[in-house]
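Notes follow once the structure below has been shown.
In structure tokens form, the structure reads like this:
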């Protein structure tokens, strides 16, 4: 629980967060060479390789077949050659069967809708799937209350429109239309934040797989048919305010998959540490928070999220989600404080950060957090745990 010094500037990574296709370019190139099985039209990898990319190779080091190893060593067609052997790291913590169902949905060119509580890595999963299937996750629409139909269909360059009238040159493709032309995956984040009439612009696109431009009637560009490989991955939160219900017609055009919180506490703690370490390094520091502090933090989040402690004691759930993503942000804040505000114990900061999390939605959640302290935290302290005794002593920091 001691504070650490900032890392040397020479060790700092790029501050830019890379998209999945750039961050994992070596793995994608390796898997493309490793598995030459049948691929759906337009896919960069086989469905089996997509699952391996997302879920990892289970610790196994994969090896290219002999002829492809030779091509790898001599540089192949002149591009950057993949390594001859590689272990694929897991990127999504969840059930492999869920990922397999998602891949099957995309292979059948059905729309895929990932639903779940906020902070369950739906967006990350959609990005990984898009990067593996078509090589880019950049074709994205961020749903908001202000999103218009142009984001799903097309817009106009009004300077060219006034000068030339309606023409292909004046047409501005939406990410959806660009994906249709190229046979790629388009991602629609938080689709239920869009107004229902905007959402329904997708109904005909998903059912007919074509998009008409009435303004260009009589020209070859009046109708765009989707190139094989085109599909849609959308995400939606189950417990959030300010969302719009999807129409029954649009729901029928998606396969729904529910992404649930991480079931394994050890896996969740490892993910929180890994993600928080990356955040702190981007802030120019080394992550110096003890595993015991992180384990306690993750335990608090899991207990409050589920309404039951690891020991089976009832816990009053707060109105806020207490998601893994929020645990990562708290852990990252502790790491930054450890690096740049040395001289104290990061455990002292935990109650204040937890207050910031639970007070987001309902002021009454403050009392629920105090109740958690008076229940499981106190009982663990009485059982002799040094960590929980220290947290119990910090109860006054919650007032």
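In the numbering used here, the protein residues as written are 251 to 649.
We treat Cβ as the ideally placed atom computed from N, Cα and C, and that holds for glycine.
Taken atom to atom, the span from the alpha-carbon of residue 515 to that of residue 549 is near 8 Å. Apart from the 5 residues on each side of it in sequence, residue 292 sits with its Cβ closer than 6 Å to the Cβ of 433, 478 and 479 in its chain, given in chain order.
Proximity to residue 616 across 628, 648 and 633 peaks at 648, based on C-alpha coordinates. Look at the beta carbons and you see the segment 361 to 372 touching the segment 498 to 509: at least three pairs across the two are nearer than 8 Å. The shortest CA-to-CA distance from residue 489 to any of 452, 470 and 442 is the one to 442. Contiguous beta strand (DSSP E) elements confined to the segment 358 to 385 occur at 361 to 366, taking only those with 3 or more residues. Residue burial annotation: residue 630 is buried, with at least 16 other C-beta atoms found within 10 angstroms of its C-beta.
Boundaries of the beta strand (DSSP E) around residue 405: 404 to 406. Non-local C-beta neighbours of residue 580 in its own chain, meaning closer than 6 Å and more than five positions away in sequence, comprise 603, ordered along the chain.
Per DSSP, reduced to three states, the secondary structure at residue 419 is coil, with no helix or strand assignment. In the structure shown, the three-state DSSP call for residue 338 is coil. Looking at the DSSP output, residue 312 shares a beta bridge with 336. Counting C-beta pairs closer than 8 Å gives three or more between the segment 291 to 307 and the segment 345 to 353, which meets the contact rule. Annotated as proximal: residue 474 and residue 460, with beta-carbon spacing under 8 Å. Looking at the backbone, the Cα of residue 390 and that of residue 568 are separated by about 33 Å. Contact annotation: residue 466 and residue 511 have beta-carbon atoms that are not nearer than 8 Å. The alpha-carbon separation between residue 426 and residue 280 amounts to approximately 29 Å. The shortest CA-to-CA distance from residue 334 to any of 582, 405, 634 and 283 is the one to 283. Distances from the CA of residue 646 to each of 633, 636 and 621 were compared; the closest alpha carbon is that of 621. Of the candidates 447, 437 and 546, 437 places its Cα closest to the Cα of residue 482.
Distance check between residue 523 and each of 314, 513 and 540 places 540 closest, using alpha-carbon atoms only.
Inside the segment 611 to 644, DSSP marks whole alpha helix (DSSP H) runs of 4 or more residues at positions 615 to 622, 628 to 632 and 636 to 643, from first to last along the chain. The segment 492 to 500 makes contact with the segment 444 to 459: 3 or more CB pairs, one atom from each, lie closer than 8 Å.
Check the Cα spacing between residue 294 and each of 531, 386 and 635: the tightest is with 386.
Residue environment: residue 277 is assigned as buried (16 or more neighbouring CB atoms within 10 Å of its CB, all protein chains considered). In terms of Cα proximity to residue 379, the closest of 624, 494 and 302 is 302.
One alpha carbon belongs to residue 594, the other to residue 606, and they sit about 20 Å apart.
In the structure shown, the three-state DSSP call for residue 395 is coil.
A straight line joining the alpha-carbon of residue 384 with that of residue 428 spans about 13 Å. In this structure, DSSP gives residue 461 an extended state, which the three-state scheme calls strand. Counting only runs of 3+ residues, the beta strand (DSSP E) found wholly inside the segment 494 to 579 occupies 504 to 508, in chain order. Contact annotation: residue 573 and residue 626 have beta-carbon atoms that are not nearer than 8 Å.
Apart from the 5 residues on each side of it in sequence, residue 382 sits with its Cβ closer than 6 Å to the Cβ of 295, 300 and 303 in its chain, given in chain order. DSSP, reduced to helix, strand and coil, places residue 345 outside both helices and strands of the structure shown, so it counts as coil. DSSP places residue 389 in the coil class of the three-state scheme, outside both helix and strand. In this structure, residue 554 sits away from residue 543, with a CB-CB distance that is not shorter than 8 Å.
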